[in-house]
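Undergrad: Numbered per our numbering, the sequence shown finishes at 129, counting up by one with no gaps.
Virtual Cβ for every residue (Gly too), placed ideally from N, Cα, C.
Quick one: the structure is below, questions incoming.
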Amino acid sequence: MTSILDQEYIEPQRPYSQRELQFNRNRLFRSLRIGGTRANHQRCRHIYFVKRYGRKEKEIKESKSDDIGNCSVCWKFNKTPRLLKTKALGLIYRYTELFETEPEILTYSDCDVENVFYNWLYEELDGTGDNRRRHRDRLPPQEGDVQ
Ligand SMILES: [Zn+2]
């Protein structure tokens, strides 16, 4: 069983424009149903955009505070299998460092960190598999795919 945390970073084969990178980010947020509301936990210093129309989004908007309730990152980290905890810690650290302030210039590798972070946080079921990959594998071959 593979976790998204085990995946190696793959260097892009071509340059990506800022527009393309932003397009991919928007697609990531849409596909995971993440909105523009961010939780910001003072105690553990974790930050993350919360699910659109979710309970956390509601709490943040109603309380007008972005430091609410239980931290999803801490929760997910506790659920992460012990063998993957070091990788999860590294991922959280890098994501927080890169995206605490919205970057002015995006890079492919920074967006990859963001992509892995949110797939780990919201999509992966307790380290029992990489759902993103499974979804992709289930798609029928597309024109232009390398077979
Ligand atoms: Zn936390």
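(1) Give a yes or no on whether the C-beta atoms belonging to E98 and L80 are separated by under 7 Å.
(2) Relative to ligand 1, what is the chain-ordered list of residues with a Cβ closer than 7 Å to any of its non-hydrogen atoms?
(3) Report all residues from its chain with a CB closer than 6 Å to the CB of K58; omit the five preceding and five following residues, and keep chain order.
(4) Going by other Cβ atoms of all chains shown within 10 Å of its Cβ, with 16 needed for buried, is C26 buried or exposed?
(5) Mind checking S(-15): buried by the 16 CB within 10 Å criterion, or exposed?
(6) Report all residues from its chain with a CB closer than 6 Å to the CB of R116; omit the five preceding and five following residues, and keep chain order.
(7) Measuring straight from C-alpha to C-alpha, what distance separates Y(-9) and E39?
(8) Is DSSP giving E(-10) helix, strand or coil here?
(9) Distance, Cα to Cα, D49 vs E2?
(10) Under 7 Å, do Y35 and A21 count as touching if we go by C-beta distance?
(11) Using only CA atoms, which one of Q24, E105 and C56 lies nearest to S47?
(12) Does the distance from the C-beta atom of A70 to that of L14 stay below 7 Å?
(13) Going by beta carbon distance, what residues of the same chain come within less than 7 Å of E84, once the five residues before and after it are set aside?
TA: For this structure:
(1) The question names Glu, but residue 98 is Val in the sequence shown. No, they are not a contact pair.
(2) H23, C26, H28, C53, V55 and C56
(3) L103
(4) exposed
(5) buried
(6) Confidence at R116 is low in this model, with a pLDDT of 44, below 50, so the placement of that residue is unreliable and no value is reported for it.
(7) 31 Å
(8) coil
(9) 32 Å
(10) no
(11) Q24
(12) no
(13) none
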